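Q: I have a structure I would like to understand better, so I am pasting it below and will then ask my questions one at a time.
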Amino acid sequence: MLKSRFFIIIILVIYWIVLGVYTPTLSYNSLSGKVSIVLEKALWRNSNKEITYQDITLDLICENNDCYSEIWGFAPDFNQSEHQGTVIINKSNDQWILDVDLMINRDPWLSWSGKANYKIELTKKNEKVLVGNYQGNFNNKLLQGKVSGIIKPLYPQPLTYHKPIKSQEHPRLLFREEMVPEIRKKATTKIGKQIFNKLEETLNQTIVYDDYVPNAGYHAAGQCFHALIEENPKQANQAWTVVKTAINTSYRRLFELSPMVTGIAIAYDLCYRYWDDNDRISVSNWLAQQAQLLIDGTPDKGWNPTAWSNWNARARGAAGLAALAILKESKGNFSQDIDIEQLLTIAKRNIIHYLETAIGDKGFGTEGDHYTTEPFILTLFPFFTGYYHVKGENFATQNSNLAWLLPNYLMRIIPRDKSYPIPSYGRHRNYPGGSLFAMGMGSVPFNFLPGVMWGFDHYWGENGDQSFGIKNSLDAIFLLVNYRENLLIKHPSTIFDKVLADEKKGFYVFRNQWNNKNDFVASIYGKREYLTKSWSFPDTGSFRIWGLGENWAIAGESKNQPENENIIIQENANKLTMEPIYFQSQKDGSGIVSLQAKNWLRSFAVDYSNISGVPGLFVMVDQFNDSQNDHTWVMNTQGNITIDKNIFMIKRDENVTMKGTFITPDNVNLQYDDNNKRIVAQGKGDFFVIMTVQKNKIPNLKIINNSINSQVLIGNRIITFKDKHISFGIE
1 MLKSRFFIII
11 ILVIYWIVLG
21 VYTPTLSYNS
31 LSGKVSIVLE
41 KALWRNSNKE
51 ITYQDITLDL
61 ICENNDCYSE
71 IWGFAPDFNQ
81 SEHQGTVIIN
91 KSNDQWILDV
101 DLMINRDPWL
111 SWSGKANYKI
121 ELTKKNEKVL
131 VGNYQGNFNN
141 KLLQGKVSGI
151 IKPLYPQPLT
161 YHKPIKSQEH
171 PRLLFREEMV
181 PEIRKKATTK
191 IGKQIFNKLE
201 ETLNQTIVYD
211 DYVPNAGYHA
221 AGQCFHALIE
231 ENPKQANQAW
241 TVVKTAINTS
251 YRRLFELSPM
261 VTGIAIAYDL
271 CYRYWDDNDR
281 ISVSNWLAQQ
291 AQLLIDGTPD
301 KGWNPTAWSN
311 WNARARGAAG
321 LAALAILKES
331 KGNFSQDIDI
341 EQLLTIAKRN
351 IIHYLETAIG
361 DKGFGTEGDH
371 YTTEPFILTL
381 FPFFTGYYHV
391 KGENFATQNS
401 NLAWLLPNYL
411 MRIIPRDKSY
421 PIPSYGRHRN
431 YPGGSLFAMG
441 MGSVPFNFLP
451 GVMWGFDHYW
461 GENGDQSFGI
471 KNSLDAIFLL
481 VNYRENLLIK
491 HPSTIFDKVL
501 ADEKKGFYVF
511 RNQWNNKNDF
521 VASIYGKREY
531 LTKSWSFPDT
541 GSFRIWGLGE
551 NWAIAGESKN
561 QPENENIIIQ
571 ENANKLTMEP
581 IYFQSQKDGS
591 GIVSLQAKNW
601 LRSFAVDYSN
611 ISGVPGLFVM
621 VDQFNDSQND
631 HTWVMNTQGN
641 ITIDKNIFMI
651 KRDENVTMKG
661 TFITPDNVNL
671 QYDDNNKRIV
681 AQGKGDFFVI
691 MTVQKNKIPN
701 LKIINNSINS
711 QVLIGNRIIT
721 FKDKHISFGI
731 E
């Protein structure tokens, strides 16, 4: 009898679960982290006499089994402001009931604002996902809809131990007061002396107050750092002269203002003990005003607050650092109408939006290499460092995309003529080089640091060009503070894989070794997202190939035109996106990836195994839905190029070559555009291209059946295309 009852109970429980009747209890004690809740169609506005509705994401922080009463909202389809409010949480059986009062703020372009009230009922779907519904009111309109939520770990991550700062405690941004003796000692070590000498050289640079990146603030910070290390008040007086001029200078845009604010915030922090009260009050008041301006933005002066824009990162990084510099300062230092803690929170939230939208999971940036790295070296690295010391929270956690920023560039650097370039993407076709590593060393997790420092040492350090990547005073300050002279560096291959896959952005890098200028690096960008209102090049599916000391498939001119990328030319190339559908990697850096667009598939394969008889074998297949139409294949290159029917040959010297063979299409029209330095192939049908890079002997290809289903033999390597991806076999 008991067994029968027990059996019936089990059946009923299974029945309830299958029907969805059973709902896991939302335990108050089980929640810890950031709770992000999306309310569908919870805002509205009147656009061109038509009412449109927008979603809003509400963020609630729960820590140590306790949730804060403060709640923040962000609705980028409504406007670009942050919306602040309060929440009261009540438990009812298996639900959370949230009563939210929110002030919907205006932004520089949209005056629409008001108060919103929502009553939200939430249940837990699983350990990370929440579901529910809401009813509410915004601007006298009743609203209701579905709610979905997710529970994430706290980010930035709170430190296990942190001593809160006190009022008027300085320095605080790059290091705390108790660290000053240690840094003074570092300046006397073998490496420290060289870095400190570089700092002194930067202090002889021309001071610039009006430029895209004015250096006056950084220069003043360098003088203050020098004064602190040498305990020299006269140096601090020189810094004040620069700062006084800078805070009385008008800046063209918030773009140029941002690095100036960053430098002056650091100068204020480092020179605090040397400047008198009136000078400190002048600077703290100026920093408060600029932080407010950089948070609010302006409808003119070229301001772009879009979450993934480098302008947002550049401005909010500076605003956040300014707020950190004057947090808890004495009353009277600046207008009490300015809420510094609120500005800091808004800056932090915008920077998190930027990291979440602009940067991929392995550190690749949507706007390309120049515009991705620039805000980091100008304002973001200082902000991350300041937030760590002042607030005790770490942005560069082990699993963060920030942790991968420097390793991403380490993956792509190949020495060239006493420089250390990368096969770049995006506008300007460059990156900051050593400055990125000098500034970013402190934002690398400890387990990555030995490999990153190997690259720094071999490219810019004692075993490199000995510039230490220092181009301005801020580079020198950050490097001296963060360089670990006693750390045992390790070869990158012992720390990192030779294939990097940024799945969020669709960016893949294949490297054979970290050795010298003859290393191979190949990459392809699938561009999984097209993000408007920011820099976006027509580089969907664009690839790069460098190796044996030469650059073969390269970025064309820095013009936003499809023919300057290594792609299939198509309409609306800027807006095209691709999804990865196949990926395979090998320990030697070889790999295969297939990327699917709406009407086209591109599969890219890299083989460094030497099974083919060459050190670098590269295969590209482009398969089209409309395979009977004409298509154009482009590869920008450099060197001595010859064309023979379906084969191109690139010679960089007598011994090093790239040979490219078009297996398909039949009767391909292959030409070299000498004026623009690019190879152009046109034809009907799919493209199947074999490229080999070699020194001396050029291998022959054996082709069985000239079609997309061909079997190609090079040496002992068999190449085929099947099931939407290239395959490598062995004869």
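Each residue of the sequence shown is one higher than the one before, counting from 1 in full-length UniProt numbering.
The C-beta atom is built at its ideal place from N, Cα and C for all residues, glycine as well.
All values derive from a computational prediction rather than experimental measurement.
In its own chain, which residues sit with a C-beta less than 6 Å from the C-beta of I524, not counting the 5 before and 5 after it?
A: So the qualifying residues of the chain are Y508, F543, F604.
Q: Is the CB-CB distance between G685 and D666 below 8 Å?
A: For G685 and D666, yes; Cβs fall inside 8 Å.
Q: My assumption, with CB atoms under 8 Å, is that L287 sits in contact with I264. Please give the rounded CB distance.
A: 7 Å between Cβ atoms; contact.
Q: Can you list, in chain order, the residues of its chain whose CB lies under 8 Å from that of L487, leaving out five sequence neighbours each side?
A: Contacts found: L449, P450, M453.
Q: For S419, count neighbouring C-beta atoms within 10 Å of its own C-beta (all shown protein chains included) and say buried if the count is 16 or more, exposed if not.
A: Exposed, since its Cβ has fewer than 16 Cβ neighbours within 10 Å.
Q: Could you check what DSSP says for T23 in three-state terms: helix, strand or coil?
A: Only weak support is given to the placement of T23: the predicted model assigns it a pLDDT of 39, under 50, and the question is left unresolved by the model.
Q: Based on the DSSP output, what are the partners of H83 in its beta bridges?
A: Looking at the DSSP assignment, H83 forms a beta bridge with G73.
Q: Bridge partners of I726, per DSSP?
A: Paired residues: F721.
Q: Could you give the DSSP three-state label for Y508: helix, strand or coil?
A: Correct three-state label for Y508: strand.
Q: Pick out whichever of H458, P407, M441, Q135 has its Cα sitting closest to the Cα of L500.
A: Of the listed residues, the one whose Cα sits closest to L500 is P407.
Q: Is the region 351-364 in contact with the region 329-337, if contact means three or more CB pairs nearer than 8 Å?
A: As far as the Cβ criterion goes, the region 351-364 does not touch the region 329-337, which means the pair count is below three.
Q: What did DSSP end up calling Y28 once you bin it into helix, strand or coil?
A: For Y28, the pLDDT reaches just 48, beneath the cut-off of 50, and the residue's location in the model is therefore unreliable, although a value from the coordinates is still provided. Y28 falls in the helix class under three-state DSSP.
Q: Give the single residue among L58, G392, T494 whose Cα lies nearest to the Cα of D588.
A: The residue with the shortest Cα to Cα distance from D588 is T494.
Q: So I611 and R717 are in contact, right, with Cβ under 8 Å, and what is the actual spacing, rounded?
A: Correct: roughly 5 Å between the Cβ atoms.
Q: Per the DSSP calculation, Y118 is bridged to which residue(s)?
A: Per DSSP, V100, G136.
Q: For the region 145-155 against the region 373-386, are there 3 or more C-beta pairs whose distance is under 8 Å?
A: These segments do not touch.
Q: I need the straight-line Cα distance from E462 to L474, nearest angstrom please.
A: Rounded to whole angstroms, E462 to L474 spans 20 Å at the Cα level.
Q: For T202, tell me which candidate among N248, I477, N401, M103 has the shortest Cα-Cα distance.
A: For T202, the nearest C-alpha among the options comes from I477.
Q: Let's test the definition: count the other Cβ atoms within 10 Å of the Cβ of G302 and tell me whether it reaches 16, buried, or not, exposed.
A: Per the 10 Å Cβ criterion, exposed.
Q: Please check the pair T661 and I708, which I expect to be a contact at CB under 8 Å, by giving their CB distance rounded to whole angstroms.
A: Not a contact, Cβ separation roughly 15 Å.
Q: Would you mind stating whether L378 and T540 have Cβ atoms separated by less than 8 Å?
A: No. Outside cutoff.
Q: Determine the burial state of E571: buried for a count of at least 16 other Cβ atoms within 10 Å of its Cβ, exposed for fewer.
A: Result: exposed.
Q: Could you tell me which of I704, K190, D465, T366 sits nearest to K504, measuring between CA atoms?
A: The shortest Cα separation from K504 among I704, K190, D465, T366 belongs to T366.
Q: If you measure between the beta carbons of A597 and M578, is that distance less than 8 Å?
A: Contact: yes.
Q: Report all residues from its chain with a CB closer than 7 Å to the CB of residue 732; omit the five preceding and five following residues, and keep chain order.
A: For residue 732 there is no data in the structure shown, the boundaries of the chain being 1 and 731.
Q: Since K152 and G33 are thought to touch, with beta carbons under 8 Å apart, how far apart are those beta carbons, to the nearest angstrom?
A: That pair is a contact at about 5 Å.
Q: So is P24 buried or exposed if we call it buried at 16+ other beta carbons inside 10 Å?
A: Note on P24: pLDDT 43, under 50, position unreliable in the model; no value is reported.
Q: Exposed or buried, which one is R252 when buried takes at least 16 other CB atoms within 10 Å?
A: Classification for R252: exposed.
Q: For T637 and I647, which I take to be in contact (beta-carbon distance under 8 Å), what is that distance rounded to the nearest angstrom?
A: Not confirmed; about 14 Å, so no contact.
Q: Count the other C-beta atoms from every protein chain shown that fall within 10 angstroms of the C-beta of L159, then say buried if there are 16 or more, exposed otherwise.
A: Exposed, because fewer than 16 other Cβ atoms sit within 10 Å of the Cβ of L159.
Q: Cβ atoms of I568 and P423: under 8 Å apart, would you say?
A: It is not a contact, given that the beta carbons lie outside the stated cut-off.
Q: Determine the burial state of V21: buried for a count of at least 16 other Cβ atoms within 10 Å of its Cβ, exposed for fewer.
A: Because the pLDDT at V21 is just 37, under 50, the model does not fix this residue reliably, and the value given afterwards should be weighed accordingly. With fewer than 16 other Cβ atoms within 10 Å, it is exposed.
Q: List the endpoints of the continuous alpha helix (DSSP H) containing H631.
A: It is not in any alpha helix (DSSP H) - H631 instead sits in the beta strand (DSSP E) that spans 630-636.
Q: Measuring straight from C-alpha to C-alpha, what distance separates D277 and D502?
A: Rounded to whole angstroms, D277 to D502 spans 50 Å at the Cα level.
Q: Which stretch, first to last residue, makes up the alpha helix (DSSP H) that contains F225?
A: Element bounds for F225: 216-230.
Q: Between the C-alpha atoms of K163 and P615, what's the straight-line distance to the nearest angstrom?
A: Taking the straight line joining both Cα atoms gives about 54 Å.
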